[in-house]
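Participant: Take a look at the following structure, please.
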Amino acid sequence: MTGVGLIGTGFMGKCHALAWNSVRTVFGDVAKVRLVHLGEANADLARQRASELGFDRASGDWRAVVADPEVDVISLTTPNQFHPEMAIAILEAGKHLWCEKPMAPTLAEAEAMAAAARKSGKTAVLGYNYIQSPAIRHIRQLLDEKIIGEVNHLRVEMDEDFMADPEAPFFWKHEAKSGYGALDDFAVHPLSLISALFGCVGSVMCDMAKPYPDRQVAGGGRRAVETYDIASSLIHLQNGVSGTLLVNRSAWGRKGRIQVQIFGSKGSIVFDQERFNEIQLYVTSDRATEQGYRTILAAPVHEPYGKFIPAPGHGLGFNDLKTIECRELLARIAGQPARVIDFDEGLEIERTVHAMARSFAEQKWVKVR
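Each number in our numbering comes from the position in the sequence shown (counting from 1) with 50 added on.
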């Protein structure tokens with residue numbers, strides 16, 4: 051039986067707990083798990099969350115979770131500025147690690163985390179759940195089969211509006227210590243899709259913007275915003291494909307949009323995370339009189355959709371992707387093939403983000419490596 055620890059119980063912490071609670075029920079082919087130890091910022095909150103989420107015990111100190119001999123794998127879901135110290139401690143303690151994205155605010159910290167993972171010999175993966183979508187998996191199959199011919203251009207956009215209100219208060223994601231802003235908060239997700247579908251980015255040209263230079267703070271007054279809510283980048287993939295990557299945390303009307311447009315010599319594919327049980331496919335092999343985008347609805351033929359629902363068109367949800375990711379993590383721990391982004395692959399995403407930031411600072415094209 052696999053003993054599970056959890057550090058951090060906000061939005062993503064609850065997602066991880068739901069996944070741990072459901073993974074064996076959904077898939078049936080993984081080891082039994084036991085929710086052993088939960089860590090939070092203080093003991094009272096930890097006890098409350100442990101009771102809600104089903105953990106045996108709780109601590110107000112994350113180090114107690116790391117030191118627990120009954121914990122084999124730890125979900126790390128704290129804000130990313132805390133990832134380096136915690137992740138390295140977890141790996142040095144001989145635990146497997148499921149760490150939320152992004153890896154760390156600085157490239158040096160991300161490199162240290164990847165080095166610790168390699169040295170430990172333990173499984174260390176990042177929480178890039180969007181690559182687990184049955185639709186994304188099927189798009190990869192369509193690309194492998196060259197249904198749309200040779201890909202020549204890629205456009206990816208990620209937009210949400212949780213920072214669109216100019217009067218919304220200042221919070222930790224506006225602080226420079228959290229990272230660059232939309233680049234590492236948002237762009238890492240589209241980059242994970244690019245990585246899963248095409249491989250690595252070779253070079254970038256990036257611009258960033260702050261739609262609102264300051265925000266109100268509790269007790270009165272305003273504080274300067276230190277991060278960028280908008281980023282736009284031209285990209286060249288290592289395989290020669292050109293593309294664009296656009297991200298915006300202040301886009302009114304957009305709730306959870308990651309749109310991927312893939313253009314090839316014989317057609318195109320469109321995917322939108324706000325409708326992530328659908329794929330739009332256009333192929334030139336159709337007769338000219340019927341050419342047009344067709345809608346493909348997710349169904350049991352698109353694995354692992356059928357593990358959740360036996361009927362097509364009913365649709366999976368965000369937390370289902372986390373359960374799929376949890377299953378892939380357990381498969382990797384068991385030494386089986388798994389569709390995950392480990393720390394070395396995640397480091398390539400981090401390098402791309404930092405190359406984009408460097409491009410903005412230097413106002414020129416920058417090679418990722």
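Idealized CB from N, CA, C, for every residue including glycine.
Computed from a predicted model, the values in this text were never measured in an experiment.
Using a Cβ-Cβ cut-off of 6 Å (strictly less than) and excluding sequence neighbours within five positions of Val333, which residues of its own chain qualify?
Facilitator: Here residue 333 is taken as the residue at index 283 of the sequence shown, counted from 1. These residues qualify, in order along the chain: Gly317.
Participant: Alpha carbon to alpha carbon, how far is Met406 from Val416?
Facilitator: As a position in the sequence shown, residue 406 is number 356, starting the count at 1. As a position in the sequence shown, residue 416 is number 366, starting the count at 1. Each residue's Cα considered, the two are about 7 Å apart.
Participant: Could you compute how far the alpha carbon of Ala411 sits from the alpha carbon of Met255?
Facilitator: Here residue 411 refers to the residue found at position 361 when the sequence shown is read from its first residue. Here residue 255 refers to the residue found at position 205 when the sequence shown is read from its first residue. Cα to Cα, Ala411 sits roughly 10 Å from Met255.
Participant: So if DSSP puts Trp222 in a beta bridge, which residue, or which two residues, is it bridged to?
Facilitator: Translated into the one-based positions of the sequence shown, residue 222 becomes position 172. Paired residue(s): none; Trp222 is not in a bridge.
Participant: Quick one: residues in its chain with C-beta nearer than 7 Å to the C-beta of His286, no 5 flanking neighbours on either side, listed in chain order?
Facilitator: The residue labelled residue 286 in the question sits at position 236 within the sequence shown. The residues are Gly252, Ser253, Ser292.
Participant: Between the beta-carbon of Ile189 and the beta-carbon of Leu247, is there less than 8 Å?
Facilitator: The count along the sequence shown starts at 1 and reaches residue 189 at position 139. The count along the sequence shown starts at 1 and reaches residue 247 at position 197. A contact, by the Cβ cut-off of 8 Å.
Participant: Could you spell out where the beta strand (DSSP E) holding Asp209 opens and where it closes?
Facilitator: Residue mapping note: residue 209 aligns to position 159 of the sequence shown, counting from 1. Start and end: 201-209.
Participant: So is Asn47 buried or exposed if we call it buried at 16+ other beta carbons inside 10 Å?
Facilitator: Outside the modelled stretch of the chain, which goes from 51 to 419, sits residue 47, for which no answer is possible.
Participant: With H, G and I counted as helix, E and B as strand and the rest as coil, what does DSSP make of Arg304?
Facilitator: For the purposes of this step, residue 304 is identified with residue 254 of the sequence shown, where counting begins at 1. Three-state result, Arg304: coil.
Participant: From Gly269 to Phe220, what does the alpha carbon distance come to, in whole angstroms?
Facilitator: Position 219 of the sequence shown, counted from the first residue, corresponds to residue 269. Position 170 of the sequence shown, counted from the first residue, corresponds to residue 220. Computed Cα separation, rounded: 12 Å.
Participant: Tell me whether the stretch 108-125 and the stretch 55-63 touch, counting them as touching only if at least three CB pairs, one residue from each stretch, are closer than 8 Å.
Facilitator: Output reads yes: the stretch 55-63 touches the stretch 108-125.
Participant: Tell me, which residues are paired with Met255 by DSSP?
Facilitator: Within the sequence shown, numbered from 1, the residue matching residue 255 stands at position 205. In the DSSP output, where bridge partners are listed per residue, Met255 has Leu284.
Participant: Can you look up Asn130 in the DSSP assignment and give me helix, strand or coil?
Facilitator: Mapped onto the sequence shown, residue 130 falls at position 80. Asn130 falls in the helix class under three-state DSSP.
Participant: Looking only at its own chain, which residues have a Cβ that is under 7 Å from the Cβ of Gly53, when we skip the five neighbours before and after it?
Facilitator: Translated into positions along the sequence shown, residue 53 becomes position 3. Closer than 7 Å at the Cβ level, and outside the excluded window around Gly53, lie Arg84, Val86, Glu120, Val121, Asp122.
Participant: Helix, strand or coil for Arg419, going by three-state DSSP, please let me know.
Facilitator: Stepping through the sequence shown from its first residue, residue 419 is reached at position 369. It is coil, neither helix nor strand.
Participant: For the structure I just gave you, are there three or more beta carbon pairs, one from the stretch 166-177 and one from the stretch 145-155, closer than 8 Å?
Facilitator: yes
Participant: In angstroms with no decimal places, state the Cα-to-Cα distance between Glu102 and Met62.
Facilitator: The residue you call residue 102 lines up with position 52 of the sequence shown. The residue you call residue 62 lines up with position 12 of the sequence shown. Looking at the two C-alpha atoms, the distance is approximately 15 Å.
Participant: Going straight from the alpha carbon of Arg107 to that of Asn202, what length do you get?
Facilitator: In the sequence shown, counting from the first residue as 1, residue 107 sits at position 57. In the sequence shown, counting from the first residue as 1, residue 202 sits at position 152. Going from the Cα of Arg107 to the Cα of Asn202 covers about 53 Å.
Participant: Can you give the Cα-Cα distance for Ala162 and Phe326, rounded to whole angstroms?
Facilitator: Taking the first residue of the sequence shown as 1, we reach residue 162 at position 112. Taking the first residue of the sequence shown as 1, we reach residue 326 at position 276. Taking the straight line from one Cα to the other gives about 34 Å.
Participant: Leaving aside the five residues before and after Cys65 along the sequence, list all residues of the same chain whose C-beta is less than 7 Å from its C-beta, in chain order.
Facilitator: Taking the first residue of the sequence shown as position 1, residue 65 is located at position 15. So the list reads Asn369, Lys372, once near-sequence residues are dropped.
Participant: Going by the beta-carbon positions, is the gap between Glu400 and Leu193 smaller than 8 Å?
Facilitator: Indexing the sequence shown from 1 puts residue 400 at position 350. Indexing the sequence shown from 1 puts residue 193 at position 143. Going by C-beta atoms, Glu400 is not nearer than 8 Å to Leu193.
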